[in-house]
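Written out below as structure tokens is the structure these notes cover.
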Amino acid sequence: MTGPTSGSPIADVGTTTAAVKSISPHTMPAAAGAPPPKPGAAQSRREWLLTDAPASRSQAAWGRRYQVWLAFRRNKLAMAGLMVILVMLGLVLLAPLLATHDPGIQELGNRLAAPSAAHWLGTDELGRDVWSRLLYGGRITLGMVVAVVLLVAPIGLLVGCVAGYAGGIWDRLLMRVTDVFLAFPRLILALAFVAAMRPGVESAVIAIALTAWPPYARLARAETLTIRRTDYVAAARMTGASPARIVLRHVMPMCLPSLVVRVTLDMSSIILTAAGLGFLGLGAQPPLPEWGTMIATARRFILEQWWVAVMPGIAIFAASLAFNLLGDGLRDVLDPKQR
Amino acid sequence: MSTAPLVEVKNLRVDFPSATGVTHAVRGVSFSLGKEKLGIVGESGSGKSVTGRALMRLLPASTKAQADVLRFGETDILHASERQMRALRGRRIGLILQDPKYSLNPVMTAGAQIAEALRAHRRIGRREAREASLDLLEGVKIRDPRRVHDAYPHELSGGMGQRVMIAMMLAPNPELLIADEPTSALDASVQAEILRLIEELVDTRGMALMLISHDLPLVSHFCDRVAVMYAGQVMEELPAAELHKATHGYTRGLLECLPSLTERRPRLPTLNRDPAWLAPRP
Amino acid sequence: MLKARLGALAATAASIPITLLGLALVTFFIGRVVPIDPVLAVVGDRAPADVVERARIEMGLDQPLYVQFWRYLGDILSGDLGRSVMTSNPVWQDIARFFPATFELATLAIIVAAILGIGLGVLAATRQGSWVDQAVRVFCLAGHSLPVFVLGLISLLVFYAWLGWLPGPGRQGIIYQDMVETRTGLLTLDAALAGDWPAFRDAMAHLVQPAGVLAFFSLAYIARMTRAFMLAELRSEYVTTARAKGLSSARIVWRHAFRNTAVPLVTVIFLTYAGLLEGAVLTETIFAWPGLGQYLTVSLLNADMNAVLGATLVVGLIYVALNLLADLLYRLMDPRTR
Numbered sequence: 076m077t078g079p080t081s082g083s084p085i086a087d088v089g090t091t092t093a094a095v096k097s098i099s100p101h102t103m104p105a106a107a108g109a110p111p112p113k114p115g116a117a118q119s120r121r122e123w124l125l126t127d128a129p130a131s132r133s134q135a136a137w138g139r140r141y142q143v144w145l146a147f148r149r150n151k152l153a154m155a156g157l158m159v160i161l162v163m164l165g166l167v168l169l170a171p172l173l174a175t176h177d178p179g180i181q182e183l184g185n186r187l188a189a190p191s192a193a194h195w196l197g198t199d200e201l202g203r204d205v206w207s208r209l210l211y212g213g214r215i216t217l218g219m220v221v222a223v224v225l226l227v228a229p230i231g232l233l234v235g236c237v238a239g240y241a242g243g244i245w246d247r248l249l250m251r252v253t254d255v256f257l258a259f260p261r262l263i264l265a266l267a268f269v270a271a272m273r274p275g276v277e278s279a280v281i282a283i284a285l286t287a288w289p290p291y292a293r294l295a296r297a298e299t300l301t302i303r304r305t306d307y308v309a310a311a312r313m314t315g316a317s318p319a320r321i322v323l324r325h326v327m328p329m330c331l332p333s334l335v336v337r338v339t340l341d342m343s344s345i346i347l348t349a350a351g352l353g354f355l356g357l358g359a360q361p362p363l364p365e366w367g368t369m370i371a372t373a374r375r376f377i378l379e380q381w382w383v384a385v386m387p388g389i390a391i392f393a394a395s396l397a398f399n400l401l402g403d404g405l406r407d408v409l410d411p412k413q414r
Numbered sequence: 349m350s351t352a353p354l355v356e357v358k359n360l361r362v363d364f365p366s367a368t369g370v371t372h373a374v375r376g377v378s379f380s381l382g383k384e385k386l387g388i389v390g391e392s393g394s395g396k397s398v399t400g401r402a403l404m405r406l407l408p409a410s411t412k413a414q415a416d417v418l419r420f421g422e423t424d425i426l427h428a429s430e431r432q433m434r435a436l437r438g439r440r441i442g443l444i445l446q447d448p449k450y451s452l453n454p455v456m457t458a459g460a461q462i463a464e465a466l467r468a469h470r471r472i473g474r475r476e477a478r479e480a481s482l483d484l485l486e487g488v489k490i491r492d493p494r495r496v497h498d499a500y501p502h503e504l505s506g507g508m509g510q511r512v513m514i515a516m517m518l519a520p521n522p523e524l525l526i527a528d529e530p531t532s533a534l535d536a537s538v539q540a541e542i543l544r545l546i547e548e549l550v551d552t553r554g555m556a557l558m559l560i561s562h563d564l565p566l567v568s569h570f571c572d573r574v575a576v577m578y579a580g581q582v583m584e585e586l587p588a589a590e591l592h593k594a595t596h597g598y599t600r601g602l603l604e605c606l607p608s609l610t611e612r613r614p615r616l617p618t619l620n621r622d623p624a625w626l627a628p629r630p
Numbered sequence: 111m112l113k114a115r116l117g118a119l120a121a122t123a124a125s126i127p128i129t130l131l132g133l134a135l136v137t138f139f140i141g142r143v144v145p146i147d148p149v150l151a152v153v154g155d156r157a158p159a160d161v162v163e164r165a166r167i168e169m170g171l172d173q174p175l176y177v178q179f180w181r182y183l184g185d186i187l188s189g190d191l192g193r194s195v196m197t198s199n200p201v202w203q204d205i206a207r208f209f210p211a212t213f214e215l216a217t218l219a220i221i222v223a224a225i226l227g228i229g230l231g232v233l234a235a236t237r238q239g240s241w242v243d244q245a246v247r248v249f250c251l252a253g254h255s256l257p258v259f260v261l262g263l264i265s266l267l268v269f270y271a272w273l274g275w276l277p278g279p280g281r282q283g284i285i286y287q288d289m290v291e292t293r294t295g296l297l298t299l300d301a302a303l304a305g306d307w308p309a310f311r312d313a314m315a316h317l318v319q320p321a322g323v324l325a326f327f328s329l330a331y332i333a334r335m336t337r338a339f340m341l342a343e344l345r346s347e348y349v350t351t352a353r354a355k356g357l358s359s360a361r362i363v364w365r366h367a368f369r370n371t372a373v374p375l376v377t378v379i380f381l382t383y384a385g386l387l388e389g390a391v392l393t394e395t396i397f398a399w400p401g402l403g404q405y406l407t408v409s410l411l412n413a414d415m416n417a418v419l420g421a422t423l424v425v426g427l428i429y430v431a432l433n434l435l436a437d438l439l440y441r442l443m444d445p446r447t448r
């Protein structure tokens with residue numbers, strides 16, 4: 076009738092909280108007001124970052140960032156995502172150095188070749204080297220994604236914050252507009268926009284951007300609505316800060332973490348939309364080596380020379396998965412309430 | 349076995365592992381309980397609720413519970429199979445939680461939830477279960493049992509919800525009722541009513557009661573014995589009637605923090621925590 | 111309380127015409143900025159100048175924009191979406207002809223996705239942190255990251271070319287073409303109604319692959335949401351109550367926790383269903399599925415703007431309708447909003 080008798084004596088003495096917590100490595104006590112780190116002094120830099128009593132605002136800010144990084148680092152999948160993204164960016168930026176062939180040079184005698192020492196990933200229907208085309212194609216696909224995010228995130232953030240903070244008629248009008256945009260599936264609206272312009276990289280970017288901004292505005296507005304009721308915003312208002320200053324300095328920075336998470340998670344869907352447009356022949360036009368476009372032209376050979384279409388498919392999948400993993404990890408760290 | 353107490357706990361320890369370390373929620377608690385009313389008092393995080401739930405093995409799967417003895421009746425709770433535990437839960441031990449707003453299922457009617465408790469342990473038909481549920485609702489002094497029976501929890505007031513909770517937990521006629529802060533979420537005006545109801549039902553049915561609360565005077569009023577917990581340990585255990593004779597610094601501190609209507613007190617003292625209280629106890 | 115609920119419902123209902131007006135405005139706007147001259151599309155490039163001018167006036171293109179929009183609205187409301195240049199049929203007729211194929215595809219896909227997605231999500235949530243949970247998590251992320259058209263191509267390669275288990279692209283085998291009387295436009299249903307089981311089997315076999323590919327994407331999303339909802343519910347107090355009552359874990363999971371997630375899940379499933387229209391564009395292209403998505407892309411590539419805008423508008427309408435339906439179901443299912 077007796078349970079297992081075991082256990083070490085409980086040795087946590089000295090904390091004042093009722094529930095006694097083991098001392099974790101992240102709450103290591105450090106001397107208050109420790110001096111700023113000297114270059115090379117790794118141990119003291121870690122202590123400086125983790126101190127419970129930061130001496131300056133920047134120390135507190137960096138300490139906070141370091142804590143986030145430590146939490147993020149524990150998530151292996153998210154770290155893997157980050158690594159893949161960094162490697163991909165490296166490959167794409169160094170494309171001229173890493174490409175074994177000119178992506179545009181045709182070698183019609185060597186069409187649809189299987190992977191070999193000369194052509195690592197084989198050749199396409201015009202005898203062009205798939206590996207080199209993938210590298211250069213990454214510049215276009217990933218470049219489109221970056222362009223969309225650069226266009227969309229600031230606009231969405233600004234519009235959402237202003238609407239949320241101003242309220243009233245502006246808010247209602249704006250939300251109605253986002254409703255209309257959200258009432259179309261994204262790809263289909265992008266298709267219609269591209270149809271109104273000329274198929275190509277620029278119109279694809281604009282079309283995706285036009286369809287992508289409403290969720291950001293929604294998110295920023297929702298965050299703003301909670302932030303504007305906080306005491307520190309009231310305090311800022313009472314010190315006479317202008318609405319512009321409050322929005323720019325007090326509201327927008329607070330919206331950033333959730334926006335970053337959203338952007339990272341959205342990256343993968345932007346990649347898929349961009350590639351989808353390319354696949355339908357409405358994105359980058361041949362002979363540009365965009366990943367979706369590459370699949371579209373190689374599609375005809377899927378049953379015989381399948382690797383020609385599958386290689387860019389893997390590239391799209393890897394990039395999209397990496398962003399999803401990273402976004403998932405970032406959400407856990409930056410935005411725990413959204414889980 | 350007739351002389352053995354209903355519940356026996358010796359040196360219970362409960363740990364919550366987390367990403368940043370281990371929280372020792374309960375650190376060597378011992379007590380026993382017969383057919384009586386035991387109050388367990390302590391502040392938030394003192395481990396009193398965890399102790400109650402450990403007795404029903406209702407803690408999250410990641411929790412580590414150990415004890416020299418953790419026994420209910422003749423069941424060894426630490427080593428019982430899940431099947432044995434299910435036969436114990438509800439049937440022999442009932443649990444009343446703090447806030448009926450959260451502890452009742454929002455998408456099931458009150459009656460359905462009571463009937464479910466009945467039918468989990470007895471083979472009875474729907475109609476019979478409905479009759480029994482209505483009787484139980486009447487038993488917890490609800491004036492309009494039919495309305496409450498078909499109502500969803502959000503349509504009931506806090507006090508009414510807690511009555512439903514009590515009816516539900518008494519349905520299989522358990523031997524022990526654990527009431528975990530049963531009145532903390534209620535309006536002050538209904539608190540006493542609910543507690544009196546629990547007391548009355550426990551007395552007439554001859555059940556044991558474990559009343560968990562942060563309210564020392566309230567517990568001492570309704571219970572036979574009081575155990576005072578702090579930081580996962582029992583500081584002191586004494587008959588409720590002899591509370592004023594408490595010797596431990598923490599109990600004394602709690603009692604002295606209370607304002608009084610009968611005597612004039614200059615200024616309420618703050619509670620000074622002595623680090624020595626945290627030392628492991630025998 | 112009732113008044114507040116009716117008010118919320120009225121607000122939702124009132125927002126619909128505004129959203130629809132917005133939809134029409136967007137398609138109208140796209141139609142006006144298009145670089146193709148709609149007049150030349152009708153009369154041809156070589157028409158003499160006076161013919162072009164007459165056609166322009168006839169089509170009302172000399173009027174100010176707001177008049178044009180007003181007429182456009184009137185046309186839409188009377189069901190006139192213009193004539194397709196490509197098929198020379200009214201766009202409305204074309205859409206009615208192509209829609210059933212998409213409906214059949216998307217409906218089977220959402221049924222598969224909902225059943226499997228909910229199953230996987232519940233499984234992962236009840237075994238949180240275990241290898242099953244990890245596997246489901248990775249599967250969901252992968253499903254969310256894999257482009258539909260790549261999955262479709264790989265599926266064709268494996269199940270059609272290598273294994274030979276399933277037929278290739280298309281909606282039915284040649285020998286069954288036009289053999290079954292069209293009643294609903296859904297080939298499987300029509301074949302079943304006619305009692306023609308070989309035709310039914312053939313239609314089903316053709317449907318399996320595109321529907322499976324289409325389902326995969328939504329499946330991942332539904333599983334992910336189910337898991338998240340279930341985890342939140344399993345942590346709640348009423349689950350502790352249910353456990354304290356001594357209920358079986360199956361009953362706790364399904365009757366208590368799942369019943370509470372069902373309400374938001376319905377919304378998720380409906381929105382996913384609407385989103386399938388998007389995946390259908392790509393899936394139909396790959397599997398040569400004669401549905402709305404294919405109609406849309408082919409019209410796009412042929413610069414058939416009436417068809418493109420008509421199809422876009424219809425898709426938008428379906429999307430809004432499904433959203434509204436989700437909202438209504440939500441109110442019906444949750445006792446707190448009933």
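Residue numbers (the working numbering), protein chains in the order written: chain A, 76 to 414; chain B, 349 to 630; chain C, 111 to 448. Beta carbons: idealized from backbone N, C-alpha and C, even for Gly. Here the structure is a predicted model, which means the values were calculated and not measured.
For residue 579 (chain B), same chain residues with a beta-carbon under 6 Å away, outside a window of 5 residues either side, are 626 in chain order.
According to DSSP, residue 576 (chain B) shares a beta bridge with B:389, B:584. If you draw a straight line from the Cα of residue 410 (chain C) to the Cα of residue 210 (chain C), it comes to about 20 Å. For residue 237 (chain C), the closest C-alpha among the options C:445, C:258, C:340 is that of C:340.
Here the C-alpha atom of residue 260 (chain A) lies approximately 15 Å from the C-alpha atom of residue 404 (chain C). A buried status is given to residue 501 (chain B), since no fewer than 16 other beta-carbon atoms sit within 10 Å of its beta-carbon.
DSSP, reduced to helix, strand and coil, places residue 412 (chain B) within a strand of the structure shown.
Between residue 333 (chain C) and residue 227 (chain C), the gap from beta carbon to beta carbon is short of 8 Å.
Relative to the Cα of residue 517 (chain B), the nearest Cα in the group B:608, B:530, B:408 belongs to B:530.
Proximity of chain A to residue 388 (chain C) at the Cβ level (cut-off 7 Å) is accounted for by 260, 261, 262, 263, in chain order.
For residue 484 (chain B), no CB of chain C lies under 8 Å from its own CB, so it is not counted at the interface with that chain. Your pair residue 223 (chain A) and residue 287 (chain A) checks out as a contact, with CB atoms roughly 6 Å apart and the cut at 8 Å. For residue 524 (chain B), the secondary structure class from DSSP, reduced to helix, strand or coil, is strand. Among the residues facing chain C, residue 453 (chain B) is included, as its CB has a counterpart in that chain under 8 Å away.
Here residue 565 (chain B) is actually not in contact with residue 609 (chain B); their C-beta atoms are around 12 Å apart, not less than 8 Å. Apart from sequence neighbours up to five positions away, the residues of its chain that approach residue 347 (chain A) with a beta-carbon distance below 7 Å are 395, ordered along the chain.
Under the 8 Å criterion on CB atoms, residue 440 (chain C) is classed as non-interfacial with respect to chain A. Restricting attention to alpha helix (DSSP H) runs no shorter than 4 residues, the region 323-391 of chain A encloses them at 327-354, 366-373, ordered along the chain.
The DSSP-derived three-state label of residue 398 (chain C) is coil.
Proximity of residue 360 (chain C) to chain B, defined by a Cβ-Cβ separation below 8 Å, is not satisfied.
Listed in chain order, the positions of the region 335-362 of chain C with a beta carbon within less than 9 Å of a beta carbon of chain B are 345, 346, 347, 348, 349, 350, 351, 352, 353, 354, 355, 356, 357, 358, 359, 361. Within the region 422-440 of chain C, the residues whose Cβ lies closer than 7 Å to some Cβ of chain A are 422, 425, 426, 429, 430, listed in chain order. Assigned with DSSP and collapsed to three states, residue 433 (chain B) falls in helix. Burial check for residue 385 (chain B): the Cβ neighbour count within 10 Å reaches 16 or more, so the residue is buried.
Taking C-beta atoms as the reference points, residue 461 (chain B) and residue 453 (chain B) count as a pair closer than 8 Å. Nearest neighbour of residue 144 (chain C) by Cα position, chosen from A:278, A:125, A:343, turns out to be A:278.
The beta carbon of residue 189 (chain C) is closer than 6 Å to those of 202 in its chain, skipping five residues each way along the sequence.
The way I'd put it, the region 404-422 of chain B doesn't touch the region 499-514 of chain B; fewer than three beta-carbon pairs between them come closer than 8 Å. Per the C-alpha coordinates, the member of C:223, C:349, C:134 positioned closest to residue 176 (chain C) is C:134. Residue contact with chain B for residue 445 (chain C): present (Cβ-Cβ distance below 8 Å to some residue of chain B).
Taken in chain order, the members of the region 458-471 of chain B whose beta-carbon sits within less than 9 Å of a beta-carbon on chain C are 461, 464, 465, 468, 469.
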